[in-house]
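K.L.:
Everything in the sequence shown is counted per my numbering, starting at 7 for the first residue and increasing by one. Cβ coordinates follow ideal geometry from the N, Cα and C atoms, glycine included. Every value quoted in this text rests on a predicted model; they were computed, and no experiment measured them. Provided herewith is a single structure, encoded as structure tokens, for subsequent inquiry.
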Amino acid sequence: MNYYSLNNPSTLVSFKEATIRGQAPDKGLYFPTTIPALPKELLQQLEKYSREELAFQVIRPYTGDTLPDDELRRIVAETIDFDFPLTPVSPGIQSLELFHGPTLAFKDVGARFMSRCLGYFVRDTHRPVTVLVATSGDTGGAVASGFYGVEGIEVVILYPSGKVSSVQELQLTTLGKNITALEVNGSFDDCQQMVKEAFTDETLRQKRFLTSANSINVARWLPQQFYYFFALQQWADKTHPPVISVPSGNFGNICAGLMAWRSGLPVSHFIAATNINDVVPHYLDTGDYKTTAAKATLSNAMDVANPSNFVRILEIFQQQLPALKQVLSATSITDEETMAAIRHLHKDHHYLADPHGAVGWLALQRWLETHPGEKGFFLETAHPVKFYDTVEPIIGQQIPLPASVAALLDKQKQSKKIDARYNNLKDFLLS
Numbered sequence: 007m008n009y010y011s012l013n014n015p016s017t018l019v020s021f022k023e024a025t026i027r028g029q030a031p032d033k034g035l036y037f038p039t040t041i042p043a044l045p046k047e048l049l050q051q052l053e054k055y056s057r058e059e060l061a062f063q064v065i066r067p068y069t070g071d072t073l074p075d076d077e078l079r080r081i082v083a084e085t086i087d088f089d090f091p092l093t094p095v096s097p098g099i100q101s102l103e104l105f106h107g108p109t110l111a112f113k114d115v116g117a118r119f120m121s122r123c124l125g126y127f128v129r130d131t132h133r134p135v136t137v138l139v140a141t142s143g144d145t146g147g148a149v150a151s152g153f154y155g156v157e158g159i160e161v162v163i164l165y166p167s168g169k170v171s172s173v174q175e176l177q178l179t180t181l182g183k184n185i186t187a188l189e190v191n192g193s194f195d196d197c198q199q200m201v202k203e204a205f206t207d208e209t210l211r212q213k214r215f216l217t218s219a220n221s222i223n224v225a226r227w228l229p230q231q232f233y234y235f236f237a238l239q240q241w242a243d244k245t246h247p248p249v250i251s252v253p254s255g256n257f258g259n260i261c262a263g264l265m266a267w268r269s270g271l272p273v274s275h276f277i278a279a280t281n282i283n284d285v286v287p288h289y290l291d292t293g294d295y296k297t298t299a300a301k302a303t304l305s306n307a308m309d310v311a312n313p314s315n316f317v318r319i320l321e322i323f324q325q326q327l328p329a330l331k332q333v334l335s336a337t338s339i340t341d342e343e344t345m346a347a348i349r350h351l352h353k354d355h356h357y358l359a360d361p362h363g364a365v366g367w368l369a370l371q372r373w374l375e376t377h378p379g380e381k382g383f384f385l386e387t388a389h390p391v392k393f394y395d396t397v398e399p400i401i402g403q404q405i406p407l408p409a410s411v412a413a414l415l416d417k418q419k420q421s422k423k424i425d426a427r428y429n430n431l432k433d434f435l436l437s
């Protein structure tokens with residue numbers, strides 16, 4: 007398996023090189039030369055496989071010959087060492103809970119897989135590797151946890167000041183050691199743009215061995231396919247594939263789901279559930295891809311006005327909008343609707359959702375109202391406690407603190423504040 011830049015299909019690299027580079031030198035995202043078709047026997051008998059074996063079979067074609075099978079099996083086993091339950095919520099709707107990992111967010115899968123791949127790939131490198139990552143919330147904590155203490159790797163996380171939850175901020179600013187947090191006076195899009203500029207700055211790259219841990223990195227993006235397969239293992243009605251609603255910001259998660267579908271996973275339809283940052287819903291409605299400044303919302307991890315991974319989704323469908331619309335819909339949900347959904351789920355269905363999961367549930371609920379007979383699930387991407395300062399006033403009660411969060415509350419935030427100008431990041435990296 008090789009990977010090409012979406013800006014230059016003629017230049018091919020291995021999975022190892024794509025992982026280490028993060029982004030192609032021409033600023034393009036890497037994409038696999040082929041999307042593997044999984045064996046029909048596996049797809050028809052998902053429940054007969056262990057999670058570890060299923061995940062290994064899904065990711066093995068993408069790693070090519072860059073990882074020995076025994077090493078890949080170890081990496082996969084360590085990546086998915088927690089539960090992924092599909093939980094009934096309301097009539098016709100279930101929740102795929104992705105918050106049972108170490109940082110209580112779906113990003114744990116990609117971050118753990120990538121950290122272990124990168125650690126293997128750079129084990130013989132004689133200079134430190136700098137993992138540079140922008141976060142709108144959960145990525146930062148997951149990357150910090152995944153790479154914490156990994157020898158030879160330094161992590162620099164950029165996050166928008168005042169635009170992540172208090173728990174998210176503590177997760178990415180309190181570890182220390184090889185983890186540094188830069189608090190940017192700007193938006194997530196500003197952070198992401200600064201990171202992209204760093205990767206195209208040859209002067210900087212001569213001084214620093216840079217790679218990215220954002221979902222633009224193939225080793226972060228592709229393993230997100232795992233939990234779609236785990237969900238279908240648990241899906242009871244095998245004759246009626248589910249509709250899947252995915253809370254979407256940078257669109258890496260739903261793009262991984264679409265890759266799984268393209269490989270043969272039975273799915274009826276995908277819904278990209280966004281907040282009022284609605285560039286993709288607008289595009290699917292009008293054919294006009296129009297970016298604007300990101301707007302702050304309760305579902306802050308989705309406050310993205312220029313989603314990087316959408317170009318990969320277009321590549322899956324060979325830039326054909328009609329074909330894309332057959333498989334993917336998109337819905338925009340306001341903060342008021344999000345709060346009402348959290349309140350309704352808690353009161354009427356005894357289910358506590360975080361703001362992102364609430365957006366996913368409401369988008370799916372609306373779809374099912376106009377498509378009788380369909381059923382589906384939404385991705386609950388983070389534990390509600392990560393947004394306790396938002397959720398508790400809505401439901402009128404406290405959320406019990408998991409031990410991992412309680413341990414954070416006494417820790418001191420450590421971050422360096424910078425303005426949203428690339429030269430500030432460059433100066434820091436060269437200092």
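Below 7 Å between beta carbons: does that hold for C261 and N312?
P.N.:
It is not a contact, given that the beta carbons lie outside the stated cut-off.
K.L.:
Within 10 angstroms of its Cβ, does R27 collect 16 or more other Cβ (buried), or is it exposed?
P.N.:
By the 10 Å Cβ count, R27 comes out buried.
K.L.:
Could you give the uninterrupted runs of the beta strand (DSSP E) lying entirely in the region 199-235, keeping only those of 3 residues or more?
P.N.:
The region 199-235 contains these whole beta strand (DSSP E) runs: 215-218.
K.L.:
Just how far apart, CA to CA, sit A307 and K213?
P.N.:
If you take the alpha carbons of A307 and K213, they lie about 32 Å apart.
K.L.:
Start and end of the alpha helix (DSSP H) containing A460?
P.N.:
One cannot answer for residue 460 here, as it falls past the ends of the chain, which runs 7 to 437.
K.L.:
Where do the ends of the beta strand (DSSP E) carrying S338 lie?
P.N.:
Start and end: 334-338.
K.L.:
Would you mind working out which of I163, A237, L110 sits nearest L407, comparing C-alpha positions?
P.N.:
Checking every option, the nearest Cα to that of L407 belongs to L110.
K.L.:
Do the region 377-392 and the region 358-367 meet, that is, are 3 or more Cβ pairs less than 8 Å apart?
P.N.:
Touching, yes, given that three or more Cβ pairs across the two stretches are closer than 8 Å.
K.L.:
Rounded to a whole number of angstroms, what is the C-alpha to C-alpha distance between T303 and F232?
P.N.:
T303 and F232: Cα-Cα distance of roughly 29 Å.
K.L.:
Between the alpha carbons of L414 and P247, how many angstroms are there, rounded?
P.N.:
Cα to Cα, the separation comes out at about 40 Å.
K.L.:
Can you list, in chain order, the residues of its chain with a C-beta nearer than 8 Å to that of R349? Leave out the 5 residues immediately preceding and following it.
P.N.:
I400, I401, listed in sequence order.
K.L.:
Which of the three DSSP states, helix, strand or coil, is assigned to I81?
P.N.:
Of the three classes helix, strand and coil, the one that applies to I81 here is helix, per DSSP.
K.L.:
If you reduce the DSSP assignment to three classes, tell me which class P108 lands in.
P.N.:
Here P108 sits in coil by DSSP.
K.L.:
Nearest-angstrom Cα distance between L35 and S11?
P.N.:
Computed Cα separation, rounded: 5 Å.
K.L.:
Kindly indicate if chain B contains any beta-carbon less than 7 Å away from that of I424.
P.N.:
In the displayed structure, chain B is absent; only one protein chain is listed.
K.L.:
Is the distance from the Cβ of A369 to the Cβ of I277 below 7 Å?
P.N.:
Their beta carbons are under 7 Å apart, which means A369 touches I277 by this criterion.
K.L.:
Thinking C-beta only, is S167 closer than 7 Å to N191?
P.N.:
In contact: N191 and S167 (Cβ atoms closer than 7 Å).
K.L.:
With L436 as the anchor, note down where its alpha helix (DSSP H) starts and where it stops.
P.N.:
Per DSSP, L436 belongs to the alpha helix (DSSP H) from 428-436.
K.L.:
Under three-state DSSP, which class holds T25?
P.N.:
The answer is helix: DSSP assigns T25 an H, G or I state.
K.L.:
Select from L164, Q177, L176, Q174 the residue whose C-alpha is nearest the C-alpha of K202.
P.N.:
It is L164 whose Cα lies nearest to the Cα of K202.
K.L.:
So, is E103 buried or exposed, given that buried needs 16 or more other C-beta atoms within 10 angstroms?
P.N.:
When all chains shown are included, E103 counts as buried.
K.L.:
So, A140 versus A117, is the Cβ gap smaller than 7 Å?
P.N.:
No, the pair does not count as a contact, with Cβ atoms beyond the cut-off.
K.L.:
Within 10 angstroms of its Cβ, does T292 collect 16 or more other Cβ (buried), or is it exposed?
P.N.:
Exposed: under 16 other Cβ atoms inside 10 Å.
K.L.:
To the nearest angstrom, how far is the alpha carbon of S96 from that of T340?
P.N.:
Rounded to whole angstroms, S96 to T340 spans 21 Å at the Cα level.
K.L.:
Do A187 and L178 have their C-beta atoms within less than 7 Å of each other?
P.N.:
Against a cut-off of 7 Å, the Cβ pair of L178 and A187 comes out as a contact.
K.L.:
Only counting runs of 4 or more residues, tell me where the alpha helix (DSSP H) segments fall wholly within the region 158-191, in order along the chain.
P.N.:
Runs found: 172-179.
K.L.:
By the DSSP assignment, the alpha helix (DSSP H) with Q50 in it spans what residues?
P.N.:
Note, Q50: alpha helix (DSSP H), 46-50.
K.L.:
Starting from S96, follow its DSSP beta bridges and name the residues at the other end.
P.N.:
Answer is I99.
K.L.:
Let me know if H275 comes out buried or exposed under the rule of 16 or more other beta-carbons within 10 Å of its beta-carbon.
P.N.:
Counting Cβ neighbours within 10 Å, H275 comes out buried, since at least 16 surround it.
K.L.:
So what's K423 in DSSP terms, helix, strand or just coil?
P.N.:
Strand, per DSSP.
K.L.:
Classify P229: buried if its beta carbon has 16 or more other beta carbons within 10 angstroms, exposed otherwise.
P.N.:
It counts as buried.
K.L.:
Excluding the five sequence neighbours on either side, which residues of its own chain have a C-beta within less than 7 Å of the C-beta of D395, listed in chain order?
P.N.:
Here the set comprises S171, S172.
K.L.:
Could you tell me whether the Cβ atoms of L210 and K432 are closer together than 7 Å?
P.N.:
In contact: L210 and K432 (Cβ atoms closer than 7 Å).
K.L.:
CA-CA distance, A242 and P94?
P.N.:
Roughly 11 Å separates the two Cα atoms.
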